[in-house]
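Chemist:
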Amino acid sequence: MSAPKVAIVIYSMYGHVAKHEILAKMHAPPKGDYPLLAPVDLVKFDAFLFGIPTRYGNFPAQWKTFWDATGGLWASGGLWGKQAGLFISTSGLGGGQESTAIAAMSTLTHHGISYVPLGYKPAFGQLSSLDEAHGGSPWGAGTLTKADGSRFPSPLELEIATIQGKTFWERVASKAA
Ligand SMILES: Cc1cc2nc3c(=O)[nH]c(=O)nc-3n(C[C@H](O)[C@H](O)[C@H](O)COP(=O)(O)O)c2cc1C
Numbered sequence: 596m597s598a599p600k601v602a603i604v605i606y607s608m609y610g611h612v613a614k615h616e617i618l619a620k621m622h623a624p625p626k627g628d629y630p631l632l633a634p635v636d637l638v639k640f641d642a643f644l645f646g647i648p649t650r651y652g653n654f655p656a657q658w659k660t661f662w663d664a665t666g667g668l669w670a671s672g673g674l675w676g677k678q679a680g681l682f683i684s685t686s687g688l689g690g691g692q693e694s695t696a697i698a699a700m701s702t703l704t705h706h707g708i709s710y711v712p713l714g715y716k717p718a719f720g721q722l723s724s725l726d727e728a729h730g731g732s733p734w735g736a737g738t739l740t741k742a743d744g745s746r747f748p749s750p751l752e753l754e755i756a757t758i759q760g761k762t763f764w765e766r767v768a769s770k771a772a
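As numbered in the numbering used here, residues 596 to 772 make up the sequence shown, in order.
#1: If you measure between the beta carbons of residue 731 and residue 697, is that distance less than 8 Å?
#2: How is residue 685 classed by DSSP in three states: helix, strand or coil?
#3: Mapping DSSP to helix, strand and coil, what is residue 758?
#4: Is residue 757 close to ligand 1? I mean its beta-carbon at under 7 Å from any heavy atom of the ligand.
#5: Under 8 Å between the Cβ atoms of residue 666 and residue 603?
#6: Smallest Cα separation from residue 631: which of 605, 721, 763?
#7: May I ask you to verify whether the region 650–664 touches the region 710–726, counting CB pairs closer than 8 Å and requiring at least 3?
#8: Using 8 Å as the threshold, is the C-beta distance between residue 735 and residue 689 below it?
#9: Under the three-state reduction of DSSP, which class applies to residue 616: helix, strand or coil?
#10: Would you mind listing the beta strand (DSSP E) stretches within the region 635–713 that are 3+ residues and don't spill past its ends, in chain order?
#11: From residue 751 to residue 737, what does the alpha carbon distance come to, in whole angstroms?
#12: If we call anything under 8 Å between Cβ atoms a contact, is residue 699 one with residue 677?
#13: Between 702, 611, 762, which has its C-alpha nearest residue 660's C-alpha?
#14: Buried or exposed: residue 713, going by 16 or more other Cβ atoms within 10 Å of its Cβ?
#15: Any heavy atom of ligand 1 inside 7 Å of the beta-carbon of residue 629?
#16: At the level of alpha carbons, what is the spacing between residue 761 and residue 768?
#17: State the beta-bridge partners of residue 730 as determined by DSSP.
#18: What residue from 685, 684, 709 has the CA that sits closest to residue 675's CA?
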């Protein structure tokens with residue numbers, strides 16, 4: 596079987612989930628050069644890593660709007676059997692990285708997309724470290740932005756994200772084999 600196609604799909608307002616996009620009105624930086632993914636194009640991929648910035652412990656309305664445009668794919672089962680992992684940003688500890696991931700489960704489930712967690716095994720030391728404040732959990736990599744958005748992913752958070760990318764690929768590729 597050929598190598599699976601994985602899309603990293605982000606929505607980012609202040610540039611923490613993507614280190615970009617924006618609305619000047621919301622005091623966010625200019626748009627980056629990321630290609631836009633139309634909901635219908637989700638069918639072109641076998642797996643996804645969704646990057647989500649938390650809003651009130653949940654995914655943003657924009658993420659919901661994206662998925663609300665996939666009714667045709669839902670009805671036809673077009674995304675059934677695909678796989679997805681998540682990575683999330685919040686302003687602070689306890690800000691909702693885990694609740695955002697849990698909220699996303701319903702959308703994945705209704706489409707029949709299998710959720711692939713990071714889990715503890717590949718990043719136990721990094722996830723359980725209390726030496727410094729950091730984002731990320733067994734639900735997926737994460738970053739903390741601070742309330743004013745001034746913080747960007749730390750080396751530890753990037754290490755966890757790298758581990759998630761590697762292990763996610765290994766799992767997706769093993770299913771395709
Ligand atoms: C309307 C709104 C609600 C937010 N709610 C939360 C929240 O519940 N918990 C939290 O830690 N951060 C919250 N934040 C901060 C965002 O999570 C943070 O700005 C975001 O993760 C940055 O990601 P981005 O730069 O990729 O857009 C909120 C931000 C906005 C604008």
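All C-beta atoms, glycine included, are put in the ideal place defined by N, C-alpha and C.
Computed from a predicted model, the values in this text were never measured in an experiment.
Modeler: This is what the structure holds:
#1: Numbered from its first residue, the sequence shown carries residue 731 at position 136. Numbered from its first residue, the sequence shown carries residue 697 at position 102. Contact flag unset, no.
#2: Working through the sequence shown from its first residue, we reach residue 685 at position 90. The answer is strand: DSSP assigns residue 685 an E or B state.
#3: Here the question's residue 758 lines up with position 163 in the sequence shown. If DSSP states are grouped into helix, strand and coil, residue 758 belongs with the helices.
#4: Your numbering for residue 757 matches position 162 in the sequence shown. No, Cβ of residue 757 sits at least 7 Å from all heavy atoms of ligand 1.
#5: Counted from its first residue, the sequence shown places residue 666 at position 71. Counted from its first residue, the sequence shown places residue 603 at position 8. It is not a contact, given that the beta carbons lie outside the stated cut-off.
#6: Taking the first residue of the sequence shown as position 1, residue 631 is located at position 36. Taking only the C-alpha atoms, the option nearest residue 631 is 605.
#7: no
#8: As a first step, residue 735 is located in the sequence shown; it is residue number 140 there, counting from the start. As a first step, residue 689 is located in the sequence shown; it is residue number 94 there, counting from the start. No; because the gap between Cβ atoms is not below 8 Å, this pair is not in contact.
#9: Here residue 616 corresponds to residue number 21 of the sequence shown, with the count starting at 1. Caution applies to residue 616, whose pLDDT of 45 falls short of 50 and renders its modelled position unreliable; the model cannot decide the point.
#10: 642–648, 678–685
#11: For the purposes of this step, residue 751 is taken as the residue at position 156 of the sequence shown. For the purposes of this step, residue 737 is taken as the residue at position 142 of the sequence shown. Whole-angstrom Cα-Cα distance: 10 Å.
#12: By one-based count along the sequence shown, residue 699 stands at place 104. By one-based count along the sequence shown, residue 677 stands at place 82. The answer is no: Cβ separation not under 8 Å.
#13: Along the sequence shown, read from residue 1 onward, the residue named residue 660 stands at position 65. That would be 702, whose Cα lies nearest to the Cα of residue 660.
#14: The sequence position of residue 713 within the sequence shown is 118, counting from 1. Result: buried.
#15: Numbered from its first residue, the sequence shown carries residue 629 at position 34. Answer for residue 629: no, Cβ out of range of ligand 1.
#16: As a first step, residue 761 must be located in the sequence shown, where it is residue number 166. As a first step, residue 768 must be located in the sequence shown, where it is residue number 173. Rounded to whole angstroms, residue 761 to residue 768 spans 11 Å at the Cα level.
#17: Taking the first residue of the sequence shown as position 1, residue 730 is located at position 135. According to DSSP, residue 730 bridges with nothing at all.
#18: Within the sequence shown, the letter at position 80 stands for residue 675. Residue 709 is the option with its Cα nearest to residue 675.
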